[in-house]
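If you count by mature numbering (1 follows the signal peptide of the UniProt record, and there is no 0), then the sequence shown holds residues -29 to -1, 1 to 665, one letter each, in order. Glycine included, every Cβ here is placed at the ideal spot set by N, Cα and C. The structure displayed is predicted, hence computed values, not measured ones. See below for the structure under consideration.
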Amino acid sequence: MTNCLSFRNGRGLALLCALLGTLCETGSGQIRYSVSEELDKGSFVGNIANDLGLEPRELAERGVRIVSRGRTQLFSLNPQSGSLVTAERIDREELCAQIPLCLVKINILVEDKLKIFEVEIEIKDINDNAPNFPTEELEIKIGELTVPGTRFPLKTAFDPDVGINSLQNYKLSPNDYFSLAVNSVSEGAKYPELVLERALDREKKEIHQLVLVASDGGDPVHSGNLHIQVIVLDANDNPPMFTQPEYRVSVWENVPVGTRLLTVNATDPDEGFNAQVSYILDKMPGKIAEIFHLNSVSGEVSILKSLDYEDAMFYEIKIEAQDGPGLLSRAKILVTVLDVNDNAPEITITSLTSSVPEEGTVGREIALIDVHDRDSGQNGQVEVFVLGNLPFKLEKSIDQYYRLVTATSLDREQISEYNISLRASDGGSPPLSTETHITLHVIDINDNPPTFPHLSYSAYIPENNPRGASIFSVTAQDPDSNNNARITYALTEDTLQGAPLSSFVSINSNTGVLYALRSFDYEQFRDLKLLVTASDSGNPPLSSNVSLNLFVLDQNDNAPEILYPALPTDGSTGVELAPRSAEPGYLVTKVVAVDRDSGQNAWLSYRLLKASEPGLFSVGLHTGEVRTARALLDRDALKQSLVVAVQDHGQPPLSATVTLTVAVADRIPDILADLGSLEPSAKPNDSETQAIGH
């Protein structure tokens, strides 16, 4: 028999064998292996070379390879060892779900003999999955009157493993009211049910927390939990109960209508509508319902009609408490009426003055009052007095009349209005009293001058200010009222540098705001002393003064002025001499400048702006000294021109410049002949001092 042709894949070879019939043979016998799931890639499955009766080296020589379709990617051949190994990590649940026996079939081709061997591999389950509930929590609502033995289906757990590794049992956490029943069906599925063992009582326990545990049979055991919350629904199994079966209260006969006597209270341990308690009066003969009122919601008992001890000394009131569905309980209220002194004194204002001026005369009459009591004997004896610590007193007049007068002088600035309370009490037991109130206004007089909060003030204004600029504001206070407290402001007239002060500063008479009437110059004067007067509008007016120091702040409004070298007046140019023998640092001359400003605005710095021979001279930053920076050479020109700048430290800085002419010679006679040639190199105005703003 000739050799079968070589094909690239098992499909072509199988087709060829089907066409040629006996040219290709199927290997006798079946090779079977087993391997656990989830092993690492390259894990050993079986020795193909040994089971085929070949040496490992013959696998490649004979073209032994896997030709099966479908699952071939799960396994591979190791040509060196002749072993069948896993090509990747295998998940049994993904391959076979919950089929008890998970088999994977592959075909091994021995190419030189055209023989195909069937290999069957069993994928063994490991306990790599725990039982899992579809939800973590479950809420069950059960009525509290539910009969014991009632069952409630629970959520089932799922475990994708098989056999002993799959879900095996359920267990319920220990409790006093529920047990667990598990129903098994023919397919092996288990369905848990919650069984009520004892009658529930919501009033004792409203919520029960349980845990259902689902476990598999693996080693180690895996489990999953379902948290169960059982909510007990209320039933109307309790009537309202009063806090006491009998209430007792005593009340004076003269209590006003609407007075609350007491509040009854009943509680119902149920909830919601079953616990909504309402109160009602039991229907009784007589006029109980006309005299007493029971609030159906709050249980408050109040009086509808005035009581009279002479009509009835005692009342028995029957009441009921009823919940929403209609369960009720009863109680009673025993009311004892007490006899009292039921006529209070009466106060009548006969004459009244509603306002008095402050600091008035002691003993000024404010009101005339009449006090009487319709009772007789001790109950009709009345005492009247002023309540509180007020500057008033009562003086006895005739019969039952009293005069209300001032006991001390009044001060409106301390108290502008008095609410005077008068109380009259009789001699009954207990005594009755009556109060009346009088409002008294204290009229202001101008007894307080305006006052400033400070003894003196300081204000600041920068020079060159615009005319009309606001400088400062003063405010005085006057504790009086109306015109007596209406304040006007003025400046005391004075002179400054021969000019009236009013030409420099003005003040708004109503607001106390000071304004500058001209632009101030710090270089002319630096401060002003002002005296502000605050006057009220009383009759006569009162006033007070306060001093105000106004300081003018310097601004950088003056450029430096160069004093030396002075500008020539005859058109000639001043010349400084620098001997040719001068060493470095030789003082040639010194630029002297001043600044009429002050502070940093007058601090001056000097610098060399320009020189005909750069590097020959230097200028001291703070001194203005012009010195040689190096030794003079023969090649240095006879005439040297320097431009020196002087700058202050204001913001922004101002500066001035001066041009110096320096003659380089050892002696004056050496340059006399050349003096005529020492003409300024710049125009005459270039050597003048000039202010430069930066």
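Given residue i as reference, the closest of the options once Cα atoms are compared
i: residue 453; options: 551, 298 and 418; result: 418
i: residue 287; options: 351, 330 and 216; result: 216
i: residue 485; options: 446, 191 and 511; result: 446
i: residue 595; options: 617, 160 and 474; result: 617
i: residue 330; options: 370, 282, 303 and 382; result: 382
i: residue 433; options: 468, 489 and 401; result: 489
i: residue 352; options: 398, 614, 582 and 272; result: 398
i: residue 678; options: 512, 249 and 225; result: There is no way to answer for residue 678, as the model of the chain reaches only from -29 to 665.
i: residue 483; options: 473, 462 and 498; result: 462
i: residue 366; options: 431, 335 and 206; result: 335
i: residue 363; options: 565, 384, 411 and 406; result: 411
i: residue 614; options: 606, 608, 623 and 585; result: 585
i: residue 404; options: 509, 358 and 427; result: 358
i: residue 345; options: 275, 251 and 371; result: 371
i: residue 295; options: 272, 268 and 274; result: 268
i: residue 44; options: 476, 33 and 61; result: 61
i: residue 528; options: 350, 623 and 136; result: 623
i: residue 119; options: 125, 101 and 149; result: 149
i: residue 306; options: 587, 283 and 88; result: 283
i: residue 18; options: 8, 31, 262 and 48; result: 48
i: residue 254; options: 248, 265, 138 and 467; result: 265
i: residue 222; options: 160, 311, 245 and 135; result: 311
Contact under 9 Å by Cβ, residue i with residue j
i: residue 316; j: residue 333; result: no
i: residue 79; j: residue 38; result: yes
i: residue 492; j: residue 523; result: yes
i: residue 195; j: residue 97; result: no
i: residue 439; j: residue 487; result: yes
i: residue 691; j: residue 241; result: Since the first and last residues shown for the chain are -29 and 665, residue 691 lies out of range.
i: residue 612; j: residue 619; result: no
i: residue 507; j: residue 436; result: no
i: residue 228; j: residue 276; result: yes
i: residue 64; j: residue 100; result: yes
i: residue 525; j: residue 572; result: yes
i: residue 308; j: residue 177; result: no
i: residue 121; j: residue 166; result: yes
i: residue 153; j: residue 163; result: yes
i: residue 339; j: residue 318; result: no
i: residue 106; j: residue 170; result: no
i: residue 81; j: residue 3; result: no
i: residue 86; j: residue 8; result: no
Distance between beta carbons of residue j and residue i, contact taken as under 8 Å
i: residue 590; j: residue 578; result: 6 Å
i: residue 220; j: residue 199; result: Actually they are not in contact, since the Cβ atoms of residue 220 and residue 199 sit about 51 Å apart, beyond 8 Å.
i: residue 356; j: residue 301; result: Rounded, the Cβ-Cβ distance is 51 Å, inconsistent with contact.
i: residue 559; j: residue 634; result: Wrong, their Cβ atoms sit about 10 Å apart, outside the cutoff.
i: residue 504; j: residue 481; result: No, residue 504 and residue 481 are not in contact; Cβ-Cβ is about 14 Å, not under 8 Å.
i: residue 551; j: residue 631; result: The Cβ separation is near 18 Å, so there is no contact.
i: residue 566; j: residue 575; result: 6 Å
i: residue 531; j: residue 629; result: Not quite, the Cβ-Cβ distance comes to about 10 Å (not below 8 Å), so this is no contact.
i: residue 126; j: residue 104; result: 5 Å
i: residue 548; j: residue 608; result: Contact doesn't hold; Cβ gap of about 14 Å is too wide.
Contact with chain D by residue i, beta-carbon distance below 9 Å
i: residue 497; result: The displayed structure is made up of one protein chain only, and chain D is not part of it.
Residue i, enclosing alpha helix (DSSP H) - first and last residue
i: residue 433; result: Premise fails: residue 433 lies in the beta strand (DSSP E), 427 to 433, not in any alpha helix (DSSP H).
i: residue 485; result: First-last for residue 485: 484 to 487, but that is the beta strand (DSSP E), not the alpha helix (DSSP H).
i: residue 328; result: Unbroken run through residue 328 is the beta strand (DSSP E), 326 to 328; no alpha helix (DSSP H).
i: residue 63; result: 63 to 67
i: residue 292; result: No alpha helix (DSSP H) contains residue 292, which is instead part of the beta strand (DSSP E) from 285 to 293.
i: residue 30; result: 27 to 32
i: residue 634; result: Residue 634 -> not in any alpha helix (DSSP H); beta strand (DSSP E) instead, spanning 625 to 635.
i: residue 260; result: 259 to 262
Extent of the continuous beta strand (DSSP E) run through residue i
i: residue 521; result: 514 to 524
i: residue 354; result: 353 to 357
i: residue 94; result: 86 to 95
i: residue 549; result: 546 to 549
i: residue 414; result: 404 to 414
i: residue 596; result: 596 to 599
i: residue 18; result: 15 to 18
i: residue 163; result: 161 to 167
Heavy atom of the ligand FAD within 8 Å of residue i beta-carbon
i: residue 215; result: With respect to the ligand FAD, the structure shown offers nothing to examine, as it has no ligands at all.
Q. Is the segment 229 to 242 close to the segment 285 to 305, with three or more CB pairs under 8 Å?
A. Because the criterion of three Cβ pairs below 8 Å is met, the segment 229 to 242 and the segment 285 to 305 touch.
Q. Does the pairing of the segment 180 to 194 with the segment 134 to 152 give three or more beta-carbon distances under 8 Å?
A. Yes, the segment 180 to 194 is in contact with the segment 134 to 152.
Q.
Three Cβ pairs or more, each shorter than 8 Å: is that satisfied between the segment 3 to 13 and the segment 55 to 63?
A. Between the segment 3 to 13 and the segment 55 to 63, the count of C-beta pairs closer than 8 Å reaches three or more; the two stretches touch.
Q. Between the segment 418 to 428 and the segment 369 to 377, are three or more C-beta pairs nearer than 8 Å?
A. They do not touch, by the three-pair rule.
Q: Determine contact between the segment 17 to 37 and the segment 62 to 74, defined as no fewer than three beta-carbon pairs at a distance below 8 Å.
A: Segments in contact, no.
Q.
Measuring CB atoms only, is the segment 24 to 32 touching the segment 107 to 121, in the sense that at least three cross pairs come out at less than 8 Å?
A. Segments in contact, no.
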